[in-house]
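**Q**
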Amino acid sequence: MIENFASQMQITFRPIESDDLPELRTWFNDSELSRRLSFPTDDWFAYVTAGADARCWVALDAGKVIAMMQVDREDSERGYLDLAVYPHLRGQGIGTAVLTAFLSGPGVIYRILEGRIEPDNAASLACCRRSGFEILPELDADGFVPAIYRSSQQS
């Protein structure tokens with residue numbers, strides 16, 4: 000029943016706006032989220048809105064912000080992905096629904112997307128696996144599990 004809820008969502012994306020920051024910052028009262036990602040400071044906001052090296056979108060359902068996606072571009076083909084889901088919506092398949100929608104929406108501009116996931120973050124590993132990412136068996140040099148998505152679309 001939980002996955003049915005997520006599959007019925009009408010997920011849309013838009014670039015992050017400064018008006019989103021107060022709400023997003025409240026999400027970091029959640030210890031799990033604040034342990035996994037960095038707090039969205041004003042410097043961070045300037046970074047993700049300044050140009051093509053980094054971009055950030057909010058995911059909405061019925062006009063409500065449900066998730067945030069950030070991609071840092073390494074080169075013309077590869078981007079590094081961060082995903083944050085509104086903490087009260089975790090465990091309902093929403094991360095997978097948002098990530099899947101992102102890959103067929105704003106994410107199509109990236110040929111390769113890579114997530115770097117802490118080994119104990121079973122929810123993020125499962126979300127990436129369900130969304131078509133390849134979970135590599137070896138940790139990277141920083142101790143993260145690489146999750147790689149290769150677009151089937153030609154750029």
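Residue numbers (numbering that gives the first Met the number 0): 0 to 154.
Positions of the beta carbon are idealized from the N, C-alpha and C atoms, including for glycine.
1. Can you tell me the Cβ-Cβ gap for residue 101 and residue 68, rounded? I've got them flagged as a contact below 8 Å.
2. So, using beta-carbon positions, are residue 147 and residue 93 closer together than 8 Å?
3. Check this for me: beta carbons of residue 71 and residue 52, under 8 Å apart or not?
4. Cβ of residue 88 versus every heavy atom of the ligand HEM: is any distance shorter than 7 Å?
5. Using DSSP with H/G/I as helix, E/B as strand and the rest coil, what is residue 74?
6. Could you say which of 134, 30, 39, 128 lies nearest to residue 18 if we only look at CA atoms?
7. Quick check on residue 80: buried or exposed, where buried means 16 or more other Cβ atoms within 10 Å of its Cβ?
8. Residue 130 and residue 98: beta carbons closer than 8 Å?
9. Within the chosen definition, does the region 43–57 reach the region 85–92 through at least 3 CB pairs nearer than 8 Å?
**A** Checking against the coordinates, here is how it stands:
1. 5 Å
2. no
3. yes
4. Although the ligand HEM was asked about, the structure shown includes no ligands whatsoever.
5. coil
6. 39
7. buried
8. yes
9. no
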